[in-house]
Amino acid sequence: RTMAALRLLVQATPRCGAHRLAASQLRRAIPPSPVALQNAHRSSGRALHTASGQKGWNHEEGGSWSTHAWAGMAAFGGSLALFTSGKIAHAAEQMHTHVYERETGIEYPRSIDAPPFVPSRWKGARPGFVYKNGSKGLGYYMDTYRGKLGYVDIPEDGVKQHLVGVGMRCMLQRCDVHLARAYAIGLYLDHSYVAGFEPAKLTDPRLRKTLRLVMAREVKGPHIAKGFDRTLIPKMRQKTGRKQGPGKEALKTFANAFNRCGTLDVGAEVLFVFGGDGTLSVYIQNVPAARIDSAELCEAVMEMYVGGKPVGPLIKANLLEGYDKVAETGLGKVELPPGTQPMPLQV
């Protein structure tokens, strides 16, 4: 492309003018700052004037064919420099707001907005919660006074959740094989975390958090549903002590969210939003797919990733390491969450 542009500059008629060609190149590039644009015009103007040795830019007023060519090349070089600096500035800005998963380069924002809190209907007493008519209506709200669990009392809505760590779910743990990579998963927390930063508390259904899954390859929804079902059935039976009942219905609702979603393409996003009141909301491509009121399911889903027998040991290691870093530096202050790398500069 560069050589083609240079040939056009050399073959350009005198009326075109180097400034006009430089301007056309600038329109195609990322818009630079006004100061950079002004300085570029001044520097390119000086280069053109020096190369020509004349006031005019047509053959009648002076300047040979070679001087016009060199002048055009100087103008093109100025516009190319602006294009490059614009790309670098854009990439630098992205580094402050996003990171990349280490294996696939899947992009993860450093923080997300938690979905709106929706109170749950009465289903019996829940330890650590009080059923009341709160700011979002009648439902379960965290009992920050009698629970003695060290929770922070913050608003239900308008809260940022920050990235803690990212891992890759791979078949047979062969993340080095491209076709074995299923999805990347990242954990987000807000300031309602439990004081003390004990890793076991990550599975606590009263801890507000979000798991963000991004597909690394095309996969059908029913295939995902079978995988979750196979892993979660024994965990739910262990927690409820029975094969039938509310636990099975909760898991069925969870799996049906994927049975109905069709095929998920590469880059498709799935969110597991833990409301902190024993509810789990599933969003597929930013569309609400299910909302399950089951503290047992909330706990089982988190144990699937950070429990005693995780589906991905690297996922567990990265999320727990990130949780430890949050304990040291504070939420939202971890420079590079485990499992990620800075976004590479693409100039």
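Going by our numbering, 733 is the number at position 296 of the sequence shown; the sequence numbering is gapless. Beta carbons are placed, not taken as given, at the ideal position from N, Cα and C, and that holds for glycine. Since we're looking at a predicted model, the values are computed, not measured.
Residue 728 to residue 743 span [Cα, whole Å]: If you take the alpha carbons of residue 728 and residue 743, they lie about 22 Å apart.
Answer with buried or exposed for residue 598, where buried requires no fewer than 16 other C-beta atoms within 10 angstroms of its C-beta. buried
Short of 6 Å in beta carbon distance, which residues of its chain neighbour residue 759, apart from the five on each side in sequence? Order them along the chain. Contacts found: 601, 602, 774, 775.
Among the candidates 707, 606, 578, whose CA atom is the shortest distance from the CA of residue 644? 578
Exposure label - residue 753; buried when at least 16 CB within 10 Å: buried
Taking a contact to mean a Cβ-Cβ separation below 9 Å, would you say residue 623 touches residue 648 in this structure? yes
Out of 764, 721, 711, state which residue places its alpha-carbon closest to the alpha-carbon of residue 694. Residue 694 has its Cα closest to that of 721, out of 764, 721, 711.
Using the Cα positions of residue 557 and residue 614, report the straight-line distance between them to the nearest angstrom. Rounded to whole angstroms, the gap between the alpha carbons of residue 557 and residue 614 is 43 Å.
Rounded Cβ spacing between residue 673 and residue 732 (contact assumed at less than 8 Å): Residue 673 to residue 732, Cβ: 11 Å. No contact.
Please determine, among 568, 619, 739, the residue with the shortest C-alpha to C-alpha distance to residue 405. The displayed coordinates of the chain run from 438 to 784. Any statement about residue 405 would go beyond what the structure contains.
DSSP three-state call for residue 550: helix, strand or coil? strand
Just confirm the distance between the C-beta atoms of residue 705 and residue 652, as a whole number of angstroms; I'd bet it's less than 8 Å. 5 Å
Using C-beta distances below 6 Å, list every residue in its chain close to residue 642, excluding the 5 sequence neighbours before and after it, in chain order. 715, 732, 735, 736
Cβ-Cβ separation, residue 709 to residue 719 (assumed contact under 8 Å), whole Å: 6 Å
What is the rounded straight-line gap between the Cα of residue 554 and the Cα of residue 712? 7 Å
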